[in-house]
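The next block holds one structure in the form of structure tokens; read it before the comments.
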């Protein structure tokens, strides 16, 4: 096969992630199906059944077992991936901390979905935001192209920094929508991610080790601080790997995408699929002479605070739009950014907005209204809910 | 964000530690009953070996011309008695510590 033959195909987000996983061809994938993640695993299981991959697909009885199997397999020295959504991610919660604490480079593709109750299978960021303190690197994706890219970048990043990675797409909005995307060849992907050779593993019987031993008052704290310093460094590694991927694919990669943000006076900050609609609104309003812009967050944990503040520095006011509630306080991205603004001594007006919970549609006119409110200085301390 | 980046730790990453038997706590003193192998009854079938939760049983040469027999590492055997239950020859018995 010839290199650099850029192939354009139309896929759902789930299929695109499965395609990326097929090209990575991990050693082990332990999964339990859940909507809207199912598109990933059913596609990957088909690849396995058709003999296109040699991955060991482990079917388990719950997500708790899926991530537990991943911890075991990753500690044994196998390149390991999984995928989940919503309640599944919530059920995994206990083991998420173990995976990151044991510094296991597991890749998890997440189709972000609302949490029960009341039961709802549609997209929002409640599940992944709930797992944001679990010590996992989190990368958000706007569309099928980005989830394909982030799956590949995430695998390499995890193994480089020895921390688990979540590659996140919006449930249904991305996972079930068919879009055009450009895929690499299997050889290119294999070259990019390289061979996985962990320094220590359970199956290395010549150098026996123990994973997850007891660490009490005299050492637990040090291990946690050490893990945190690895998390901080992961930001720079992400950028390095993303730039490498940019060279390979020709698609621009960064901590975030600043769309018309350089000279913008009003900026919307958000993560995920709504960025597409927002760009459209920005274009339309720019034509009408309004200086508006968008900052779409790609890397969410570790949070590239300084870089984001630099990109926002010319704005007069911001609207931080999020698809998750942080019950009893402001939502996560708002908190992160306002912290940074205060540290920098900036006095921008910032509006917190929650939208599209449980897959509620958001329209261009809603986003236009957000911009108009910023322009007309209708900014309050209270959280605004769109479409309620 | 934190000052941790400059700090150096001589800790293993993620608390993944190398095995060192000399540093391992000798859990043998937790034992209250002690399994004893009757080497004449033991047929050397190795059934007990994978069942031992502490991996404290190995097969050892007992007499020339015979199969290796079960041998218990009393430094680490906690005296759970699983080997006694699984032995098909009833060659292992529990005795109270003296």
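Residue numbers (this note's numbering), protein chains in the order written: chain R, 1 to 388; chain E, 1001 to 1098.
Here a beta-carbon is modelled for each residue, glycine too, at the ideal position from N, C-alpha and C.
Subject >> Element boundaries [beta strand (DSSP E), containing residue 322(R)] >> reply: 317-322
Original post:
Which one of 338(R), 347(R), 234(R) and 325(R) has the shortest CA to CA distance from residue 302(R)?
Top reply: 234(R)
Original post:
Which residues in the same chain as residue 170(R) place their Cβ atom closer than 6 Å to its Cβ, once the five residues preceding and following it in sequence are excluded?
Top reply: 112, 123, 272 and 273
**OP:** Flag this pair as touching only if the stretch 217-224 of chain R and the stretch 1011-1025 of chain E have three or more C-beta atom pairs under 8 Å; answer yes or no.
**Re:** yes
**OP:** Identify every run of the alpha helix (DSSP H) within the stretch 277-353 of chain R, keeping only runs that are complete inside it and at least 4 residues long; order them along the chain.
**Re:** 305-312 and 332-343
**OP:** Find the residues of chain E that neighbour residue 219(R), judging by a C-beta separation of less than 9 Å, and give them in chain order.
**Re:** 1011 and 1015
**OP:** Please confirm whether residue 20(R) and residue 151(R) have their CB atoms less than 8 Å apart.
**Re:** yes
Subject >> chain E contacts from the stretch 58-84 of chain R (Cβ-Cβ distance under 9 Å) >> reply: 75
Subject >> Integer Cβ distance of residue 1063(E) from residue 1044(E), believed to fall under 8 Å >> reply: At roughly 11 Å, the Cβ-Cβ gap does not stay under 8 Å, so residue 1063(E) and residue 1044(E) are not in contact.
**OP:** Compute the distance between the beta-carbons of residue 139(R) and residue 168(R), then report whether it is under 8 Å.
**Re:** yes
**OP:** Please state whether DSSP places residue 57(R) in a helix, a strand or coil.
**Re:** strand
Subject >> DSSP state of residue 1070(E) mapped onto helix, strand, coil >> reply: strand
**OP:** Note down, in chain order, every chain B residue with its Cβ under 7 Å from the Cβ of residue 1067(E).
**Re:** Among the chains of the structure shown, chain B does not appear; the protein chains present are R and E.
Subject >> As assigned by DSSP and simplified to three states, the class of residue 205(R) >> reply: coil
**OP:** Tell me, please, whether the CB atom of residue 1(R) is closer than 8 Å to any CB atom in chain E?
**Re:** Because the pLDDT at residue 1(R) is just 42, under 50, the model does not fix this residue reliably, and the value given afterwards should be weighed accordingly. Not one chain E Cβ lies under 8 Å of residue 1(R).
Subject >> chain E contact residues for residue 209(R), given Cβ-Cβ distances below 8 Å >> reply: 1016, 1017, 1018 and 1019
**OP:** Put residue 1032(E) into one of helix, strand or coil per three-state DSSP.
**Re:** coil
Original post:
Are residue 1092(E) and residue 1083(E) close, meaning C-beta to C-beta below 8 Å?
Top reply: yes
Original post:
Helix, strand or coil: which one does DSSP assign to residue 2(R)?
Top reply: A caution first: residue 2(R) carries a pLDDT of 44, below 50, which makes its placement in the model too unreliable to give a value.
Subject >> Identified DSSP bridge partners for residue 1022(E) >> reply: Beta-bridge pairing links residue 1022(E) to no other residue.
Original post:
CB residue 181(R) to CB residue 9(R), shorter than 8 Å?
Top reply: yes
Original post:
Given residue 1038(E), which residues of its chain have a CB within under 6 Å of its CB, disregarding the five upstream and five downstream residues?
Top reply: 1091
Original post:
For residue 30(R), which three-state DSSP category applies?
Top reply: strand
**OP:** Using the Cα positions of residue 371(R) and residue 1010(E), report the straight-line distance between them to the nearest angstrom.
**Re:** 52 Å
Original post:
What residues are listed by DSSP as bridge partners for residue 1092(E)?
Top reply: 1037(E)
Original post:
If you draw a straight line from the C-alpha of residue 155(R) to the C-alpha of residue 184(R), how long is it?
Top reply: 15 Å
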